[in-house]
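Quick note on numbering: the sequence shown equals residues 17 to 414 in this note's numbering. Beta carbons: idealized from backbone N, C-alpha and C, even for Gly. Just below is one structure, and these are the notes that go with it.
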Amino acid sequence: MKNFSKRLPRLGTENAFSVIGKAKKFEEEVLKPEGKHLVYLQIGEPGFDTPTNITEAGIKALKEGATHYTPTPGIPELRSAVAKKTGGYTGVAYEAEDVVVVSGGKPIIFYTINALIDAGDEVIIFNPSYPIYESVTEYLGGKVVPIHLREENDFNPDIGELAKSITSKTKLIVVNTPENPTGGVFTEENVRAIAKLAIENDLWVLADEIYNEMVHEGEHFSIASIPGMAERTVILNGCSKTYAMTGWRIGWGVTKNKEMAAALEQFSCNDISCPAAMTQYAALEAITGPQDEVRKMLAEYRKRRDLLVKLVNEVPGMKCHSPKGAFYLMVNVRELLDKLGITAAELCDRIMKEANVLILPGTVFGVFGDDFVRFSYVSTEENIIEGMGRIKKFVESL
Ligand SMILES: Cc1ncc(COP(=O)(O)O)c(C=O)c1O
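Structure follows, in structure tokens:
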């Protein structure tokens with residue numbers, strides 16, 4: 017057999033998916049026979065089903081014949097609706113042709129980085145971060161330049177450090193706010209400072225705004241809203257998180273740069289031809305229909321966040337700030353790790369096997385995640401109470 021490509025081993029992954037596979041196996045083979053189960057406090061998707069009006073719109077579309085290819089960048093009605101929605105929160109006059117609808121938000125990461133990065137080019141990625149930016153950059157032979165998001169700065173970047181890290185090879189900065197995994201929301205001041213550096217150094221920005229409607233305190237401020245940025249920014253957004261539609265796979269890229277929009281469309285044509293037809297109609301209903309379910313889900317997440325933050329801080333050796341956005345919580349476990357002489361990954365493994373609760377090590381999100389474990393608060397209050405009770409008992413027994 018001839019070899020696989022040289023770049024294949026450089027492709028990373030989203031370990032959250034493999035961790036869940038292993039955990040399910042452990043639950044089936046070890047816990048279930050003993051009448052036990054795992055409490056899942058790591059989940060990166062909404063803890064609600066898709067609102068009924070959206071599901072009904074998808075079913076209706078299917079019954080009415082949305083079973084064919086659509087134009088590659090999406091049906092015109094949806095592109096217009098996305099343009100209007102994005103214009104609404106950025107103040108940029110986006111039009112339908114500035115929007116490329118794809119299957120989930122993730123392809124926009126792959127397409128944007130592919131469109132820009134040659135071997136040796138540098139990509140600035142705040143860290144800890146969603147792992148796919150790094151995976152795709154390394155796959156293409158690009159160099160990842162991580163900028164530490166520190167807990168004491170509320171997981172906001174140090175602009176001085178960012179400025180120093182820019183070189184003649186820097187091409188792209190990835191700005192994900194609200195951030196996965198920290199729940200940090202970048203301040204307007206910091207977003208403006210990043211934009212200033214991007215303009216001064218002629219850089220592109222990938223603005224991952226998939227959690228932009230999940231802000232508990234303060235407001236999301238889009239980098240694209242700053243004059244001079246919409247032409248050098250690709251906004252990534254979609255239905256997965258806001259509308260609890262992870263399984264429908266609808267996301268989009270929005271940019272005022274015509275060549276970039278064409279490149280995104282061309283990648284999509286090579287990759288998927290078009291997003292699924294009936295899910296585009298469901299997405300249209302999600303965006304243009306009533307928004308009260310979104311508000312209800314957000315209020316519920318906020319309650320769960322407050323509960324989880326309180327319970328975590330009652331566990332000896334665990335501490336966290338209250339995150340301002342998304343639905344994640346980074347918990348500092350350094351004290352516990354030092355006491356036990358283990359890594360965050362080993363701690364999560366022990367918590368799974370001995371306390372039967374699943375959480376993720378911060379290292380899954382990059383080099384600066386090693387003091388942390390990540391929880392999510394999408395689970396029910398009942399599950400959060402049960403899971404944290406188990407973790408507290410486990411830690412107290414050490
Ligand atoms: C920061 C971030 N960007 C993008 C995505 C991908 O979203 P989608 O499921 O729509 O592909 C996720 C999903 O977890 C995410 O956390």
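So who's on the other strand from residue i, going by DSSP bridges?
i	result
Lys335	Asn348
Trp268	Val117, Asn253
Ala278	In DSSP, Ala278 forms no bridge with anything.
Phe391	Leu345
Arg166	Asn172
Tyr56	Leu374
Cβ of residue i within 7 Å of Cβ of residue j?
i	j	result
Ala39	Leu57	no
Pro197	Pro144	yes
Met346	Phe64	no
Ala131	Leu300	no
Gly107	Ile133	no
Ala260	Thr66	yes
Val161	Thr153	no
Pro147	Gly28	yes
Ala99	Gly199	no
Ile251	Ala277	no
Gly112	Met294	Reading the sequence as shown, one finds Ala at residue 112 and not Gly. No, the Cβ-Cβ distance between Ala112 and Met294 is not below 7 Å.
Asn206	Pro173	yes
Val115	Ser284	no
Leu182	Asn217	It is worth fixing the name first, because residue 182 is Ile in this sequence and not Leu. Yes, the Cβ-Cβ distance between Ile182 and Asn217 is below 7 Å.
Ile140	Gly269	no
Lys340	Gly234	yes
Tyr227	Ala73	no
Lys2	Glu309	Only positions 17 to 414 of the chain appear in the structure, and residue 2 is not among them; the question remains open.
Glu275	Thr88	no
Val331	Val389	no
Glu177	Ile163	yes
Leu165	Phe142	yes
Leu327	Glu397	no
Ala302	Cys255	yes
Val191	Ile239	yes
Glu229	Thr258	yes
Gly103	Tyr110	yes
Val394	Pro62	yes
Asn31	Val380	yes
Ile361	Asp386	With the sequence shown as reference, residue 361 is identified as Ala, and Ile is not the correct amino acid for it. In this structure, Asp386 does not lie closer than 7 Å to Ala361 by Cβ.
Glu370	Phe410	yes
Tyr85	Cys290	yes
Ala179	Leu219	no
Below 8 Å on the Cβ atoms is my contact criterion, and I expect residue i with residue j to pass it. Report the Cβ-Cβ distance as a whole number of Å.
i	j	result
Val373	Gly333	No, Val373 and Gly333 are not in contact; Cβ-Cβ is about 15 Å, not under 8 Å.
Thr249	Val221	4 Å
Asn253	Gly267	7 Å
Ile59	Ser392	5 Å
Leu376	Val35	6 Å
Arg311	His232	No, Arg311 and His232 are not in contact; Cβ-Cβ is about 12 Å, not under 8 Å.
Ala211	Met245	5 Å
Ile367	Ile401	Not really, about 16 Å apart at Cβ, beyond 8 Å.
Around ligand 1, Cβ to any heavy atom closer than 6 Å, ordered along the chain:
Gly60, Gly120, Gly121, Lys122, Tyr146, Asn192, Asn196, Asp224, Ile226, Gly254, Ser256, Thr262, Gly267
Go through the region 120–160 residue by residue and report every complete run of the beta strand (DSSP E) that reaches 3 residues or more, in order.
Within the region 120–160, complete beta strand (DSSP E) segments of at least 3 residues are found at 138–143, given in chain order.
Run through the region 174–244 for me and flag every whole beta strand (DSSP E) of 3 or more residues, listed as ranges in chain order.
186–192, 220–224
Quick one: which unbroken alpha helix (DSSP H) runs of 4-plus residues sit fully inside the region 62–112? Chain order, please.
68–79, 92–106
In chain order, each alpha helix (DSSP H) run of at least 4 residues that lies wholly inside the region 356–407
360–366
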